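Have a look at the structure below, then the notes.
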Amino acid sequence: EAQVTQNPRYLITVTGKKLTVTCSQNMNHEYMSWYRQDPGLGLRQIYYSMNVEVTDKGDVPEGYKVSRKEKRNFPLILESPSPNQTSLYFCASSSSLGDNEQFFGPGTRLTVL
Amino acid sequence: SQKIEQNSEALNIQEGKTATLTCNYTNYSPAYLQWYRQDPGRGPVFLLLIRENEKEKRKERLKVTFDTTLKQSLFHITASQPADSATYLCALDMDSNYQLIWGAGTKLIIKP
Numbered sequence: 001e002a003q004v005t006q007n008p009r010y011l012i013t014v015t016g017k018k019l020t021v022t023c024s025q026n027m028n029h030e031y032m033s034w035y036r037q038d039p040g041l042g043l044r045q046i047y048y049s050m051n052v053e054v055t056d057k058g059d060v061p062e063g064y065k066v067s068r069k070e071k072r073n074f075p076l077i078l079e080s081p082s083p084n085q086t087s088l089y090f091c092a093s094s095s096s097l098g099d100n101e102q103f104f105g106p107g108t109r110l111t112v113l
Numbered sequence: 114s115q116k117i118e119q120n121s122e123a124l125n126i127q128e129g130k131t132a133t134l135t136c137n138y139t140n141y142s143p144a145y146l147q148w149y150r151q152d153p154g155r156g157p158v159f160l161l162l163i164r165e166n167e168k169e170k171r172k173e174r175l176k177v178t179f180d181t182t183l184k185q186s187l188f189h190i191t192a193s194q195p196a197d198s199a200t201y202l203c204a205l206d207m208d209s210n211y212q213l214i215w216g217a218g219t220k221l222i223i224k225p
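Just so you know, the protein sequences line up as chains L and C, in that order.
Its first residue numbered 1, the first sequence is counted upward by one per residue in our numbering.
Its first residue numbered 114, the second sequence is counted upward by one per residue in our numbering.
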């Protein structure tokens, strides 16, 4: 089954404790992206990657890091989480061969205390 | 910068009627405009895409229109059903590096 997976689905942590949210897709998509979704603000892009070893900042990159060592994986790293990073996070992928329709993961609900 | 406006108030529609959602944008027209459905706590799911040179696109009970003069897209669900209740997001594709600009979404409630 073609899908984007994220782990963990739910996470409660404390300020300053480094964490990683994993994202993996099995569709051989070149493009991957991380979004955060907050009430009333819609989806805001954090980072995106056009292909392996190619990453770039989105609209709200501060406090986040990413890497793209393999085509299928695109982890999101919070080196020192803060309460304002409490949000619902989505990973998405799309193919360069299509019309950029995005396939989303199930989401990770993060709470930073 | 480009901005998107979707009605932030929930739209309540009687089952069987046509639901119409609006997506307005400022500035220049996108190459593509996409519509997604999002259920609570889940990721958005792609529904339809319409290009700037297309006036209308249909898929089963769904219809999307794109008016570059009004800078507006309308999303219609005909013969609406309670199962159509969800939040609907529009996204603009400026044809640049695969990035999309997202609206905040409109919550649609179909009442039996």
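C-beta: ideal position from N, C-alpha, C; glycine also.
Since the model is a prediction, treat every value here as computed from it, not as a measurement.
| Asked | Found |
| --- | --- |
| Residue-chain proximity (phenylalanine 74 (chain L), chain C), Cβ-Cβ < 8 Å | no |
| Rounded Cβ spacing between isoleucine 117 (chain C) and cysteine 203 (chain C) (contact assumed at less than 8 Å) | 6 Å |
| Strand pairing of asparagine 137 (chain C), partner residues [DSSP] | C:Glu118, C:Gln185 |
| Which listed residue (L:Val60, L:Ile12, L:Gly42, L:Ser96) has its alpha carbon closest to that of glycine 32 (chain L) | Note on identity: in this sequence residue 32 (chain L) is methionine, with glycine being the wrong assignment. Here the closest residue by C-alpha is L:Ser96. |
| Whole-Å CB distance - leucine 19 (chain L) paired with proline 81 (chain L), under 8 Å assumed | 6 Å |
| Own chain residues within Cβ distance below 7 Å of glutamine 37 (chain L), not counting five before or after | Leu43, Ser87, Leu88, Phe90 |
| Own chain residues within Cβ distance below 6 Å of leucine 134 (chain C), not counting five before or after | Phe188, Tyr201, Thr219 |
| Rounded straight-line distance, which links the Cα of glutamate 165 (chain C) to that of threonine 181 (chain C) | 7 Å |
| Neighbouring residues, chain L, relative to glycine 154 (chain C) (Cβ below 9 Å) | Leu88, Pro106, Gly107, Arg109 |
| Chain C within 8 Å of glutamine 102 (chain L), Cβ atoms only | yes |
| 8 Å CB neighbourhood of lysine 55 (chain L) in its chain, flanking five on each side removed | With the sequence shown as reference, residue 55 (chain L) is identified as threonine, and lysine is not the correct amino acid for it. The residues are Tyr47, Tyr48, Ser49, Val66, Ser67, Arg68. |
| C-alpha gap between lysine 172 (chain C) and isoleucine 163 (chain C), whole angstroms | 11 Å |
| Beta carbon of glycine 105 (chain L) nearer than 8 Å to that of glutamine 6 (chain L) | yes |
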